[in-house]
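**Student:** After the structure tokens below, expect a handful of questions from me.
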Amino acid sequence: MDCNIQEVDAIIEQWGAKPDSLLQIMLDINHRYHYLPKESVKRVAERLEMPLNQLFSVATFFKVFSLVPRGRTIVHICTGTACHVKGAPKLLDRFEKDLKLRPGETTADLALTLETVNCVGACSAAPVVLVDGVTHTEMSANKISKLAKELKAQEG
Ligand code: FES
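Counting from 1054, one number per residue, gives the positions in the sequence shown under this note's numbering.
Here it is in structure tokens:
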């Protein structure tokens, strides 16, 4: 999604063009575009009169922010020890086969991003997959295929 400077300005206005508002502004922009477009970061630096490299440091420090485009839906496959032992590699293989996505990749239409995560604290229900933060437990290759189909259908 292209960055619209008027939209970025409106977000800045909402929180106030002051350094104290930086995180809220960045969170809103990240939420709006599913990542932080470079032009938006430059605009915020300009308006808040803050050094650009300080904003990039914040953007890279907090995992919630991304400087590269991400999908509207984020799928996390847990690859922690319990999930690994219970079949996470098979889930990754099946997801790749069904959706042609490997960890760290985003579909060309920006519908989906696949990432891995190291334990989400649900080891007793391994292997675990999160879709936009919603936990799916005791996953199998067939279950993840079904999930992949549903995600595809949602996007039409
Ligand atoms: S290892 Fe996957 S939830 Fe703990």
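Idealized CB from N, CA, C, for every residue including glycine.
Unbroken alpha helix (DSSP H) runs of length 4 or more, entirely within the region 1134 to 1187: which are they?
**Tutor:** Here the runs fully enclosed are 1134 to 1138 and 1141 to 1152.
**Student:** So the alpha helix (DSSP H) T1126 belongs to, where does it begin and stop?
**Tutor:** Walking along the sequence shown from the start, residue 1126 turns up at place 73. Run containing T1126: none in the alpha helix (DSSP H); it sits in the beta strand (DSSP E), T1126 to C1131.
**Student:** Output the boundary residues of the alpha helix (DSSP H) element that contains K1095.
**Tutor:** If you number the sequence shown from 1, residue 1095 lands on position 42. That run of the alpha helix (DSSP H) goes K1091 to L1101.
**Student:** Roughly how many angstroms lie between the CA atoms of K1071 and D1055, to the nearest whole one?
**Tutor:** To locate residue 1071, count along the sequence shown from 1; it is residue 18. To locate residue 1055, count along the sequence shown from 1; it is residue 2. Computed Cα separation, rounded: 25 Å.
**Student:** Ligand 1 and T1160: does the residue's C-beta get closer than 7 Å to at least one heavy atom of that ligand?
**Tutor:** On the sequence shown, residue 1160 is found 107 positions in, with the first residue counted as 1. It does not: the Cβ of T1160 is nowhere closer than 7 Å to a heavy atom of ligand 1.
**Student:** Sort out for me which residues DSSP pairs H1189 with in a bridge.
**Tutor:** The residue labelled residue 1189 in the question sits at position 136 within the sequence shown. According to DSSP, which records beta bridges pairwise, H1189 is partnered with V1182.
**Student:** Could you tell me if R1155 is buried or exposed, where buried requires 16 or more neighbouring beta carbons within 10 angstroms of its beta carbon?
**Tutor:** Taking the first residue of the sequence shown as 1, we reach residue 1155 at position 102. With fewer than 16 Cβ atoms within 10 Å of its Cβ, R1155 is classed as exposed.
**Student:** Between N1009 and K1143, what straight-line distance do the alpha-carbon atoms span, to the nearest angstrom?
**Tutor:** Limits of the chain in this structure are 1054 at one end and 1209 at the other, which puts residue 1009 out of reach.
**Student:** Can you tell me which of the three DSSP states S1198 falls into?
**Tutor:** The sequence position of residue 1198 within the sequence shown is 145, counting from 1. S1198: helix per DSSP, three-state reduction.
**Student:** Between H1189 and the rest of its own chain, which residues show a CB-CB distance below 6 Å, the 5 nearest in sequence each way excluded?
**Tutor:** To locate residue 1189, count along the sequence shown from 1; it is residue 136. Around H1189: V1182.
**Student:** Judging by CA-CA distance, which residue of C1176, M1192 and A1164 is the nearest neighbour of R1125?
**Tutor:** As a position in the sequence shown, residue 1125 is number 72, starting the count at 1. The shortest C-alpha separation from R1125 is found at A1164.
**Student:** Look up K1205 in the DSSP assignment and say whether it is helix, strand or coil.
**Tutor:** Here residue 1205 refers to the residue found at position 152 when the sequence shown is read from its first residue. Helix, per DSSP.
**Student:** By Cβ distance, which residues of its chain are closer than 7 Å to K1150, with the 5 residues on each side in sequence left out?
**Tutor:** Along the sequence shown, read from residue 1 onward, the residue named residue 1150 stands at position 97. So the list is empty, once near-sequence residues are dropped.
**Student:** Does DSSP put H1087 in a helix, a strand or coil?
**Tutor:** Numbered from 1 along the sequence shown, position 34 holds the residue referred to as residue 1087. In the structure shown, H1087 sits in coil (DSSP, three-state: anything other than H, G, I, E or B).
**Student:** Identify whether L1120 lies in helix, strand or coil by the three-state DSSP scheme.
**Tutor:** Indexing the sequence shown from 1 puts residue 1120 at position 67. Of the three classes helix, strand and coil, the one that applies to L1120 here is coil, per DSSP.
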